[in-house]
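Data first, discussion second: the structure below is written as structure tokens.
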Amino acid sequence: MTRYFARKLGLYVLAFWAGVTIDWAIPRLMPGNPIAAYVDRFALNSQGPWTALYKLFDKAFGYNLPLWDQYWHYWDNLFHGNLGISLYAFPEKVTTMIAQAAPYTLALLVPAILLSYVLGNRIGAMAARRKVLDNTVLPLGYLFQAMPYAWLALAAAFYLAAVEHWFPVEGGYAAGLASGFTWAYISSLLYHWFLPFLTVFLVSFGGWSIGMRNLVIYELETDYARYLRALGARGRLVRRYAYRNAVLPQLSGLALQLGTVIGGNIVTEVVFNYPGLGHLIYTAATDQDYALLQGIFIFIIVGVLVANFVIDIVYIWVDPRTRLSMQGAAA
Amino acid sequence: MINKTSALTRLGAAITAAALVAPMVTFVASGSAGATSLQAPASFPRNETLYTSGTAYSPPTNFNPLDGGSRYTGTIGLLYEPLFLYNPITNKYIPWLATNGTWSGSTYTLHVRNGVKWSNGAPLTGADVAFTIGLAKTNPAVPYSSLAPYIKSVSANGNTVTVNFTSPPPYTDWQDFLWQNAVLPKVVFSKLSASEQVTSANYARGKSPVATGPMLLVSTSQSQACYEDNANWWGIKQLGLKFHFKYLCDIVNGSNSVELSALLSNTIDWSNNFLPGINTLMTTGGDSSFLTTYYPKSPYMLSANTVWLEMNTTKAPFNNVNFRKAVAYGINTQSIVTGVYDGIVKAANPVGLLPNLDSYVNRGVVNKYGFHYDPSLAKKYLAKSGYKGQALTIEVPNGWTDWMAAQDIIAQDLNSIGVKVNAITPSANAKTQHMINGSYDMMLDNNAQADATPWSYFDRVYQLPIQKNDGAQLNVERFSDPATWALVQKAATTPTTDKAALNSIYSKIETSFLQRLPEVPLWYNGAWFQGNTTYWKNYPSSTSSSDQYTPVMWGNWLGAMTTVYALANLRPAK
Amino acid sequence: MSGVDQAAPGGTTTARGASPTAVPLAGATAPAGARGGREAYDSGRRWEFLYFAVRNKKLLLGLGVEIIFVLAAIIGPYFAPYPAKEFVAAAALHPSSQHLLGTTYFGQDVFSLLLDSLRESYLVGFLGAAFAGLIGLAIGFVAGWRGGWLDEVLQTLTYIVVMIPSLVLLIVIGAYLKSHSAFFEGVFIGVTTWPWVARAVRAQTFTLRQRDFVDLARLSGKRGPAIVLKDIAPNMASYILLAFILLFGSSMLIAVNYDFLGLGPTNGISLGDMLNLAELWSGLQLHMWWWFIPPGAVMTLMVAALLVANVGLDEVFNPKLRET
Amino acid sequence: MSLSVENLRIAYRTLRGDVQAVDGVTFAVADREIMGLAGESGCGKSTLGNSLIFIEGRMKHVGGTVELDGKALPISDDRAMNHHRMRDVSIIPQYAMSALNPTKKVGTLAHDLLKSRGMKLAKVLPEFRRRVALVGLPENVLEMYPFELSGGMRQRATMVISTLLNPSLLIADEVTSALDVSNQRAVGELLTEFRDLGYVKSMIVITHDLSILAQIADTIMVMYAGKLTEKASASTMIDKPLHPYTQALLSSLPEVGVRYEDRELTGIPGRPPSLLSPPPGCRFRERCPFAYDKCVEDPPFMELLPGHQVACWKAADDVAGGAGREHNEASATPSGGAGDASPERGPSLGARAGKGAE
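Residue numbers (my numbering), protein chains in the order written: chain U, 185 to 515; chain Z, 5 to 578; chain P, 2 to 325; chain S, 1069 to 1426.
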């Protein structure tokens, strides 16, 4: 058990190291010079102040140090919770910007992922044995699965917002509202949240329900299911067992899928101008704000790692076979 | 026996429920942490608030007038103010924090306006102005530090400030300083180190920066900054200017289309976004009769800056003037204006100076030497140019889709006269890098601000010596023309009041420009402005019977042109 | 290495578990082939598969629709009413007999653009699938066959690739290139989406290598690579085919996302580009639905047809799924 | 009489049409009888066995009746059958090693299964534990997951669960085929012991392996291409088979324990006919060295000797000797005879089972 977790932890640490190192290397690999680009925004018409500003910012961002020192400082800062300063929103701290954007993304993704997972699994499992449901959910599921994220979001924004005005087209909450525990603010948050949430939910839902439907069909055909039926077990028990076992691969799928969902989320947040991390990534990328990009990158990596870790633990809990191999590893 | 399936389901349900609620809580909590309240109302009453957009591309995190890269919209104009304003429509200066300023030999004497108060209650004095000017000498990172070698001394006596210059004084540069830079509060900035003066945010949460302007900063969030009228502003008494909105909220830009949605749904009153399709909406009328632009017809917008085709003149074939002429004659700018922009921009005049500087453009010279679209003439020039058919590239930053469309047209046009051109789209940074170090063939560029004189325009074209790594993007085409450069320098030290002398110098420069074409001006980007008349009326317009003001909240326009007047002109629609 | 993998000693379960992952085509199954695979290689059964294949409505429907689109992609541009990228008419025209799908903000014919952009989407889809498939197979085979430390290393690599947000990577790599090509985009998608193939193939190889016929091959003195290629790979042929189809669809979808964010090829036109331009040029607000609805609808059909064909093929390979 | 099957016909639905996997089968199994059912792969023996308990998916009950302990068994009615499953008729499936849900402990599985049948595990728990011990499984097997057990152990756990309710009839489908020789013997002995202890009243043991039948079966029935070919007491069947197919089957058996499915029937060219549209007449005719013109007629399953039924014209001729064919045909009633064999062999089997238990 200990050894199993040690190995697991080792893997996570290694992945984290690789991620952070790649992350660190990004701005140093990019052609062009972010500091020069920033100073260009001053639109100066003489070289003197340009050079002075350049030196100032170069030093402020630590790009004047030897690479090895930069790498070292990077880790040092990381462990002190310092992700640097954003260029694009200078002189805001990257951590502050992430802290402001993350709640939006989490509010979008966590319910969308979990709800689509839970409902998708449920309905997929039901579709596996009800012809009517199968004939409606399955084609719909495939349709949602085949839809490009970007397009679904665009189409929803077009029809539900631009044409019918049922929902706002963009933003996290209505302009002019001050944040706080007021009904106006919270209802505005929800109102703006719904459409982006719906699109993320639908696409994921399609995937999960189809996956579950197919898995349950496989499980219902397995030997243990046949045996149970041969011994006269009620359909309920057989389906419960099938569902329970079909959930396992879905669970590992969930861990693997997180990265993709985050990618799709960027598109959604861009379409709806939703002020979350996806939008921030996009802005950081287009404005080439590397400190910010790096910060979000690390945030995502940590998020994916933590989610994977949680799923690993849940997996150990729900799949006894894992425990056996853990004992095996310990022996 | 534990039934894990249902336990698992219950766990899932619990997590889902928690996930739905938790972010709501975090977001409200973090929202409150992110927003600063200076007694900000819970919501800004719609009919007392002017919503503006189109100028800020990053969240309001910086209100330092010396940080030209990140300061938020309104830092200069609403909070800080310059000594003079410049009206590009009438091409005149308006005394602002200064009541007047005069040259006497190499000495410039400024009179600072009486009765102006900083928002901390202290009066604005000559000492603040002198301190601001003095920074040019003590801090090389302030934008006007190029004045340093010319300033011998600065002194203040009460509200009178005297600046002694070397002879001849840098008339034009100084003139630009007077309207393009804000006066700083000495009490705040003198306490900062040189680097802090430039890099500090000048903004502590919960406090509006110490400034003199018509508004106070009342709240910021990730997506907007809101200002409230400053009841103690000097302009109310002295100029009779009063804002009829209580709040002004400037919203951080989303994409163009997002801002168009916001404008159409009355979320935004005043938009300075480039909104493709605005002409369609304007011409179809009907539903969109609530929209207004500066000109009621094409081009709808004032011109804001010039887009050039830059050619790297150190390389063959661009070092040959005939080749550059072939290019100039070979591009159908009109098809870009109508095809890409659907008529919301104007083709540039061959010199490229913006319309506000028309009085400096010598028509005779332009008629005689100016170029126009003429493919057959282009082919003739090409034949003389010694072009050997090598493949050339033209670059624009990836993602600048209007430029990418224009780039396609240019490439097609040039290919059709026999120049082999490939369109490439590096990242914006990479493109800038190519420009700075001269490793490009051709590119589109518009890196120059609207100005009150042609000087900065030609300074940018002819600056010598050519820098190996030219960060300030001067003479990016790397064109060496010492004679014309001497003329540009001469213009800089000619008194701005001596219009005859200046005109004669600029005519010579224009002649040289058109004869040798170091750059090819293509079209003017617009001073994008769209107003929504649902809540507010009297937007700036060319048809306005009263004075016409600049309709743009961009840094220099709000800060130093007549946008403040335009804001004061607005009235509630109902 | 991860609990996820260990969870499924049966191999097939892992193959199945891995398929609803990593790609937008989350739930589509590729597992059945893994089971049917053994029979697939049995020459006697080949005809049987063909027999079921030509009688499987889903397969025929999916293939049929796909073939129409492929044909449109190949010959469509020659029959396009207008040159695709040129400004041929007034801006923002509604669909009409002259312009079946109207015109864009620039006055380009949307229908011609659509025909022209199919090719690129297919090219990217194919390249993405081919590269992801090849890399996934290679890594999966090596990891599953050799095991040991090499397996650990490859699994760690897989893990890291899963974790790195590929979009950010694309921005970085893209910044080096003066212009992005469809080839680059396809390869990039392939290089970032192979992990789930590798995981599934590894698990399959792991189980297959313990089978008798592999032992026999080993005893007969065959070398590792030969066994993998000649004995193991053919047993997974149907699985590989199904996985390829899924990869094909998912690559096209990923490409749409990249293109939509303006990270796609710059020297051509794709369905995602059309969406991107329509969005940037206010197609939504100007209610120019004909500019952005058709490209997405076409993409949806193209991918849905692949998915349906995939389900059909799955039924062909896996008798358990065949409907009677 | 425990089981009596009358003219049972079971088909498999395929896209190409129905395959008559069991084509008019009539036989009976007596109380305490262990009947071996043998035949090549695809002859329909497993289908026959399965159809008595669970007609799944693509199987179809075409005709015929089944009676168990004097009451009709509603084999074509899945719901009605539920009541009888496990209680009256039970099965140790061919896939016994993978018949247990891998993610449930053996005890949990039994608990859930019984609960689903409206019973409580607690009631039978002592008996369950006793039987677990009897089959040689560790006591804590109830707290173990299937994957913690070896294949043989899983099979024995399945065996215990299947017989927990003391069914009248147990169908043991290929219970020995995946085992090595010594385990085959042990399992065989367990089966007889289960019968002797009264856990099951009678048993059909379906197998490829004639040698295991020789060890445990009272009677042996052979199927070919969906039809019964021969049934007799085990010793008769092995020593004096009458049907040419049985003879071929036995002669092709090279040594004990080798399953003949692995090899073609030696010396007999050809394959069994397609059951999609089987030719009329004796189905072994094409491959039979003794086939003659009479064989185009379907041979009835006749009791040629007491307790010895054969479906073969040639055998009928051989046995008939002096007796008239009419007589033989008249006595070829497709029932009853098998019952006689059981008491005869009972004791010896009991003895063997006793040995196994030591």
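For glycine and all other residues, C-beta sits at the position ideal for the given N, C-alpha and C.
Asked                                                                                                                        : Found
7 Å Cβ cutoff met for Pro504(U) and Tyr1213(S)                                                                               : yes
Distance between Thr1231(S) and Thr1297(S) (C-alpha atoms, nearest Å)                                                        : 30 Å
DSSP bridge partner residues for Tyr1080(S) (one or two, in chain order)                                                     : Val1087(S) and Met1127(S)
Counterpart residues of Pro127(Z) in DSSP-defined beta bridges                                                               : Lys121(Z)
Beta-carbon proximity check, Gly1349(S) vs Val1090(S), cutoff 7 Å                                                            : no
According to DSSP, residues forming a beta bridge with Leu1318(S)                                                            : Leu1318(S) pairs with nothing; no bridge assigned.
Extent of the continuous alpha helix (DSSP H) run through Met1221(S)                                                         : Gly1219 to Ser1230
Per-residue contacts from Asn429(U) into chain S (C-beta, under 8 Å)                                                         : Asn1169, Pro1170 and Thr1171
For Ser212(Z) and Lys301(Z), the rounded distance between their alpha carbons                                                : 40 Å
Cβ shell of Gly374(Z) (< 7 Å), same chain only, five flanking positions each side left out                                   : Pro354 and Leu518
C-alpha distance - Ala37(Z) paired with Phe67(Z), whole-angstrom precision                                                   : Here the model assigns Ala37(Z) a pLDDT of 37, short of 50, so the residue's position is not dependable and the matter cannot be decided.
Spatial neighbours of Ala1140(S) in its chain, beta-carbon cut-off 8 Å, leaving aside the 5 residues before and after        : Thr1133 and Val1134
Proximity winner among Tyr377(Z), Tyr298(Z), Gly390(Z) and Val256(Z), relative to Leu418(Z) (alpha-carbon distances)         : Tyr377(Z)
Cβ neighbour criterion (16 or more within 10 Å) applied to Ala410(Z)                                                         : buried
Proximal residues of chain P, C-beta to C-beta of Ile206(U) below 7 Å                                                        : Ile165
Beta-carbon proximity of Gly1256(S) to Ile1288(S), cut-off 7 Å                                                               : no
Given Phe189(P) as reference, the closest of Leu114(P), Tyr259(P) and Ser98(P) once Cα atoms are compared                    : Tyr259(P)
Distance, Gly1125(S) Cα to Leu230(P) Cα                                                                                      : 37 Å
Beta-carbon proximity check, Gly347(Z) vs Asn283(Z), cutoff 7 Å                                                              : yes
DSSP-derived helix/strand/coil call for Trp527(Z)                                                                            : strand
Inter-residue CB distance, Ile421(Z) and Gly334(Z) (contact presumed, cutoff 8 Å)                                            : 4 Å
Chain-ordered neighbours of Ile1159(S) on chain U, where CB pairs are closer than 7 Å                                        : Ala414
Outcome for Val490(U) when other beta-carbon atoms lying within 10 angstroms are tallied against a minimum of 16             : exposed
Per-residue DSSP class, three states only, for Val222(Z)                                                                     : strand
Residue interval of the beta strand (DSSP E) (run including Lys1046(S))                                                      : Residue 1046(S) cannot be examined here, being either before or after the span of chain S that is shown, 1069 to 1426.
In DSSP terms, what Tyr90(Z) is bridged to                                                                                   : Tyr97(Z)
Inter-residue CB distance, Leu331(P) and Trp291(P) (contact presumed, cutoff 8 Å)                                            : There is no way to answer for residue 331(P), as the model of chain P reaches only from 2 to 325.
Same chain, Cβ closer than 6 Å to Asn542(Z), five either side skipped, listed in chain order                                 : Asn573, Leu574 and Arg575
Within-7 Å CB hit, Gly81(Z) to chain P                                                                                       : no
Own chain partners of Pro401(Z) with C-beta closer than 6 Å, once the 5 adjacent residues on each side are dropped           : Ala432 and Lys435
Lys243(U): first and last residue of the uninterrupted alpha helix (DSSP H) it sits in                                       : Gln231 to Ala244
Own chain, CB closer than 8 Å to Gly109(Z), minus 5 neighbours either side, in chain order                                   : Ser171
Stretch-stretch touch, CB-based, cutoff 8 Å, three pairs: the segment 138-156 of chain Z with the segment 223-243 of chain U : yes
Neighbourhood of Gly1220(S) by C-beta distance below 7 Å, restricted to the same chain and skipping five residues each side  : Leu1247 and Asn1251
Classification of Leu72(P) by the beta-carbon crowding that lies within 10 angstroms, buried from 16 upward                  : exposed
Chain U contact for Leu62(P) (CB, 7 Å cutoff)                                                                                : no
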